[in-house]
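Line by line, the protein sequences give chains A and B. With my numbering, letter number 104 in the first sequence gets 104, and the count goes up by one each step, no holes. Here my numbering = 1-based position in the second sequence + 113. Note that the Cβ used here is the ideal one computed from N, Cα and C, for glycine as well. Inspection log for the structure reproduced underneath, given as C-alpha cells.
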Amino acid sequence: QKEVEQDPGPLSVPEGAIVSLNCTYSNSAFQYFMWYRQYSRKGPELLMYTYSSGNKEDGRFTAQVDKSSKYISLFIRDSQPSDSATYLCAMTSREGGSEKLVFGKGTKLTVNP
Amino acid sequence: NAGVTQTPKFRVLKTGQSMTLLCAQDMNHEYMYWYRQDPGMGLRLIHYSVGEGTTAKGEVPDGYNVSRLKKQNFLLGLESAAPSQTSVYFCASGRGSYNSPLHFGNGTRLTVT
C-alpha cells in the first residue's frame with residue numbers, strides 16, 4: 001500500500017460548484033498536512049496547512065483532516081475558473097529524529113465557465 | 114524577492130550529452146531539494162541538501178549528481194543524459210523543519226532525444 005493515495009482525476013466541474021479533493025494515507029505518524037496548488041507550467045505553491053484533526057477555513061477553501069480514518073480533504077466553495085489547477089496533498093512525519101515529506105500524485109481540476 | 118529561480122527553463126539534449134541545472138534561492142533556507150515530475154508519477158525526490166556543503170540521495174538518484182557549494186545555490190547534473198530523464202525538474206527550498214512548507218521554482222522542462 002502506498003503511503004499516500006490521491007485520485008488523479010481529472011475532475012471537471014461547472015463554475016460555482018463545490019469541489020472535494022481527497023487523500024488517504026497509511027502512516028499514522030503523519031502529523032502535518034498540506035495542500036499545494038500547481039498551475040500549468042508552474043511550480044507547486046502552498047495553499048493550506050493544518051496540524052490537527054478538524055477543519056481549517058481560508059476564504060473559499062476548507063482543509064479537513066480525519067486522523068482516525070487517515071483521510072484528508074480540501075473543499076473549494078463557489079469554484080472559479082481561476083481554481084483550475086492540479087492540487088497536491090502532502091504530509092510530513094517526524095520519527096526517530098528523521099523527518100519525512102510525502103506528496104500525493106495530484107488531482108487535476110478544471111472549472112468550466 | 115525572487116524566491117526560487119531555476120535556469121534554464123527549457124532544454125533539449127541528445128542521448129549521452131551532459132548538462133547542469135541551476136537553482137538559486139534568496140530566502141536564506143538551509144534545505145534545498147531537486148524533484149522530477151512525470152505524468153502519473155507525481156513528484157519524486159532526486160537529491161536534497163540540508164546545508165551548504167552537504168548532499169544526500171532521495172528516492173530516484175541514479176543518473177544524477179548534485180552540489181551545494183554555496184548556501185543559496187543547488188546544482189543538478191546529468192553526466193550522460195538518457196531518454197528516461199525526459200521530465201520536468203523542480204527545485205525547492207525550505208527551513209527544514211517538518212512543519213515548514215517548501216517553496217518551489219517554476220521548473221526546467223528537459224527533453225532527451
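Whole-angstrom C-beta distance between residue j and residue i, which should lie under 8 Å
i        : j        : result
B/Arg181 : B/Thr199 : B/Arg181 to B/Thr199, Cβ: 25 Å. No contact.
B/Ser160 : B/Tyr144 : Checking the sequence, you will find His at residue 160 of chain B rather than Ser. Not quite, the Cβ-Cβ distance comes to about 12 Å (not below 8 Å), so this is no contact.
A/Glu15  : A/Ser79  : 6 Å
A/Asp83  : A/Ile76  : 6 Å
B/Ala137 : B/Gln185 : 6 Å
B/Phe203 : B/Tyr148 : 5 Å
B/Glu172 : B/Leu189 : The Cβ separation is near 14 Å, so there is no contact.
A/Glu95  : A/Ala29  : 5 Å
C-alpha distance - residue i paired with residue j, whole-angstrom precision
i        : j        : result
A/Gln31  : A/Thr50  : 9 Å
A/Leu46  : A/Ala90  : 10 Å
B/Thr221 : B/Leu134 : 8 Å
A/Tyr71  : A/Val13  : 22 Å
A/Gly97  : B/Ser210 : 11 Å
B/Met132 : B/Ser193 : 8 Å
B/Gly218 : A/Gly54  : 31 Å
B/Gly155 : A/Gly43  : 13 Å
B/Ser213 : B/Ala205 : 12 Å
B/Gln150 : B/Val201 : 5 Å
A/Pro8   : B/Gly153 : 8 Å
A/Asp58  : A/Trp35  : 12 Å
A/Phe61  : A/Val102 : 22 Å
Close-in-space but distant-in-sequence residues of the same chain around residue i (CB under 8 Å, 5 per side omitted)
i        : result
B/Lys183 : Glu165
A/Thr110 : Pro10, Leu11, Ser12, Val13 and Ser84
A/Glu99  : Thr92 and Ser93
B/Leu126 : Met132, Leu191, Ala194, Leu223, Thr224, Val225 and Thr226
A/Gln38  : Pro44, Glu45, Ala85, Thr86, Tyr87, Leu88 and Gly106
B/Val163 : Glu143, Tyr144, Ala169 and Gly209
7 Å Cβ shell around residue i - same chain, five flanking residues per side excluded
i        : result
B/Ala195 : Thr128, Gly176 and Val225
B/His142 : Ser206, Gly207 and Arg208
B/Thr120 : Leu135
B/Val117 : Cys136, Gln138, Cys204, Ala205, Ser206, His216, Phe217 and Gly218
Residues near residue i in its chain [Cβ-Cβ closer than 6 Å; skip 5 each side]
i        : result
A/Leu21  : Leu74, Tyr87 and Thr107
A/Gln176 : In the structure as shown, chain A begins at 1 and stops at 113. Residue 176 of chain A is therefore absent and cannot be evaluated.
A/Gly104 : Val4, Gln6, Cys23, Leu88 and Cys89
Identified DSSP bridge partners for residue i
i        : result
A/Pro8   : DSSP lists no partner for A/Pro8.
B/Val179 : B/Leu189
A/Pro14  : A/Asn112
A/Ala85  : A/Leu109
Open item on the list: For the segment 75-100 of chain A, list every residue whose C-beta sits within 9 Å of some C-beta in chain B, in sequence order.
Closed with: Leu88, Ala90, Thr92, Ser93, Arg94, Glu99 and Lys100
TODO: With 7 Å as the limit, tell me which residues of the segment 201-216 of chain B have their beta carbon closer than that to any beta carbon of chain A; keep them in chain order.
DONE: Phe203, Tyr211, Asn212 and Pro214
- [ ] Could you run through the segment 155-177 of chain B and flag, in chain order, every residue whose CB is less than 7 Å away from some CB of chain A?
- [x] Gly155 and Leu156
- [ ] Using a Cβ-Cβ cut-off of less than 9 Å, list which residues of the segment 36-49 of chain A approach chain B; keep chain order.
- [x] Tyr36, Gln38, Arg41, Lys42, Gly43, Pro44, Glu45, Leu46 and Tyr49
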